[in-house]
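Numbering (full-length UniProt numbering), first residue to last: 1 to 748.
Ideal placement from N, C-alpha and C gives every residue a C-beta, glycine not left out.
Since the model is a prediction, treat every value here as computed from it, not as a measurement.
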């Protein structure tokens, strides 16, 4: 309660949008609760909509946001008073509307969504004041104590220093003069030095809008002009910036960002892997002369606090972040950019389950501002919205400058077989050798971390499985461990089989990037090789160091997973080998083909981005697969047409709607019983198909048993209302969790 501040005045001022009955209000705490609670406002306390307040909740003191008028469903005599108002900028009306909208759409509790907007508790505390010291002014009656003060050498040094400098902080004075804190304190007590309290400056500098922009091609100029017109138009719009890899999409939407900043508005740019986007951040610094405000999991707590407050008071002009940056309390948001809008990483699968691209469009609509979705491989949902006229499209069909798109070749591994226990075909090996001989760089892509995805015993057939998940343990030979990539469980790699005791019978099955590295070292012992995965490139610093090494040609061959597919620009990288192009195509995942096409296209786009032509080799056992053929032909439109046609035939998104229910718990029999009860109450009718319950592909995850329902509905069906009515008829035990995933992307 120490941070609470009472402000006198009329309750809610003259805000016409907020009407109250008497002196009661509703407050929403950031807890997984269905809605706000009613409270009384103490006499003499002024409260405004969006104010952060301290409230009693049970036996605890909790913080929340003034949400609206009192609901009136509790006897006023039983209501408790709020403690006070916190010294933080109030949450804007549009942010509160956004919380309500996300809650209604995702069917998550309002308080759980609010928690994402109040993710930094320390930010609600007033910033610590900064004190600076200066000489007292005798003309104002100060400094009378100097004549009677014994001037020791340290005091003389401090006085001399302050005569020649503006007000300084104590630490700076001590460092420059060698005086201790007691010396400065004595001078203040004697009245010869004044202590001044100053408001802490914003940690973020304003972008420099006068920096000369790089030269844009005619196509880029046209695209930039269209986007800037949308920003200047001061209204809601969604524009797809559809450009091939290397076409300069970033520089184009930088122009739109500049237009928004010139108008005094804030901008947020969402990136799928902000912690790994070292090159993007450098390009931003070059373009605007400052660091953007970063928001992602690698940012420290103190910096998150400063960023949250700077966003709320408007001093952070541009935020670059992961999907959670969308929920920051912007004071004056004017533009949202979603880069690589097709990326699966924008889907949050835990807690409040949402897709940041779709929520970005909703936030733009609520705020009456433009949104830009950028991609070389747009999602089918976005393309369907373009075709329906809901979104506009700006196209960049050629690479910028002298660069051209790489040629793509298919390598049939049934004919061009690698050696036993090897995964690089003779053709790819030959091309790699030619690339290194020419002084150029290459990349091998395999979207599988570790050394091998499965370890088994050749004597008894035992397979090493995670005890907490329905998943094999992945060998990480560099660590000497077996690891589950779903829950993080680790075990020391054994010397013998735990089932039969056999020694020297454990076999690594299949390749991961570590095994590919081992093969590359044996094949090309003279070249410099780096492995890049989320295991060893875990943050911006590591990513920046890797980028510098590649740019300085300290690396000849990169071996990595999908983190290398996201926007990196290496001018001397001319060959990309996709070691297993079939990985990800199998299974019953609705979006498997689309996701594989997008990923391999993005990986292929790393080749030939400079003035040397690039080549991509796709190693596959199924060269007739339509995804492989579409990538080789460079015919995105043909692939999308077939994929959309198949989706339409089966009523799947974007032509229909999907939702999933995931029932989970620690006890399998309780989960099965709850799933059976929910299934018995499942809705039936035209335009609705309910599949399940069925064990999830990962039927055990992090120690919880899981069952799934999949609901397919026609687009006109009010899906959320139907699910709410369905689940309201079924009681489940508290030990069983029911999660709702609207528009699921994962089917595991």
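Cβ-Cβ distance between residue i and residue j below 8 Å
i: residue 380; j: residue 594; result: yes
i: residue 204; j: residue 315; result: yes
i: residue 473; j: residue 491; result: yes
i: residue 66; j: residue 50; result: yes
i: residue 336; j: residue 371; result: yes
i: residue 288; j: residue 211; result: yes
i: residue 459; j: residue 508; result: no
i: residue 252; j: residue 220; result: yes
i: residue 366; j: residue 323; result: no
i: residue 424; j: residue 418; result: yes
i: residue 603; j: residue 642; result: no
i: residue 616; j: residue 408; result: yes
i: residue 356; j: residue 326; result: yes
i: residue 237; j: residue 392; result: yes
Cβ neighbours of residue i in the same chain (closer than 7 Å, five flanking residues each side left out)
i: residue 313; result: 89 and 331
i: residue 345; result: 272 and 273
i: residue 703; result: 468 and 666
Helix, strand or coil at residue i according to DSSP, with G and I counted as helix
i: residue 579; result: coil
i: residue 728; result: helix
i: residue 79; result: coil
i: residue 815; result: Given a span of 1 to 748 for the chain in the structure shown, any question on residue 815 remains unanswerable.
i: residue 718; result: coil
i: residue 641; result: helix
i: residue 96; result: helix
i: residue 711; result: strand
i: residue 517; result: helix
i: residue 103; result: helix
i: residue 390; result: coil
i: residue 306; result: helix
i: residue 751; result: Because residue 751 is not part of the residues shown, which for the chain are 1 to 748, the question remains open.
i: residue 35; result: coil
i: residue 395; result: strand
i: residue 48; result: coil
i: residue 427; result: helix
i: residue 226; result: helix
i: residue 21; result: The predicted model places residue 21 with a pLDDT of 37, which falls under 50 and marks its position as unreliable, so this point remains unresolved.
Other residues of its chain near residue i: CB distance less than 8 Å, five sequence neighbours each side excluded
i: residue 134; result: 162, 166, 167, 168, 193, 194 and 196
i: residue 706; result: 662, 663, 664, 671, 695, 696, 698, 699 and 700
i: residue 692; result: 661, 675, 679, 707, 708, 709 and 710
i: residue 723; result: 107, 659, 661, 711 and 740
i: residue 532; result: 546, 558, 559, 560, 561, 563 and 564
i: residue 21; result: For residue 21, the pLDDT reaches just 37, beneath the cut-off of 50, and the residue's location in the model is therefore unreliable, leaving the point undetermined.
i: residue 462; result: 456, 497, 498, 499 and 500
i: residue 173; result: 133, 158, 161, 162, 179 and 184
i: residue 735; result: 665, 666, 667 and 670
Backbone CA spacing between residue i and residue j [nearest angstrom]
i: residue 644; j: residue 654; result: 8 Å
i: residue 636; j: residue 87; result: 53 Å
i: residue 116; j: residue 307; result: 14 Å
i: residue 352; j: residue 359; result: 12 Å
i: residue 572; j: residue 246; result: 14 Å
i: residue 685; j: residue 731; result: 23 Å
i: residue 526; j: residue 442; result: 14 Å
i: residue 156; j: residue 198; result: 25 Å
i: residue 333; j: residue 265; result: 6 Å
i: residue 416; j: residue 32; result: 56 Å
i: residue 621; j: residue 449; result: 21 Å
i: residue 429; j: residue 446; result: 15 Å
i: residue 96; j: residue 47; result: 16 Å
i: residue 386; j: residue 598; result: 18 Å
i: residue 317; j: residue 281; result: 15 Å
In DSSP terms, what residue i is bridged to
i: residue 609; result: Note: residue 609 sits in no beta bridge, so no partner.
i: residue 347; result: 355
i: residue 118; result: Answer is none; residue 118 lacks a bridge partner.
i: residue 484; result: Note: residue 484 sits in no beta bridge, so no partner.
i: residue 452; result: 475
i: residue 695; result: 707
i: residue 443; result: 558 and 576
i: residue 174; result: BP columns for residue 174 are empty, so no partner.
Same chain, Cβ closer than 6 Å to residue i, neighbours up to 5 away in sequence not counted
i: residue 127; result: 200
i: residue 750; result: A question about residue 750 goes unanswered here, because the residues of the chain that appear run from 1 up to 748.
i: residue 35; result: 110
Near the ligand GDP: residue i beta-carbon under 7 Å from a heavy atom
i: residue 618; result: With respect to the ligand GDP, the structure offers nothing, as it holds no ligand at all.
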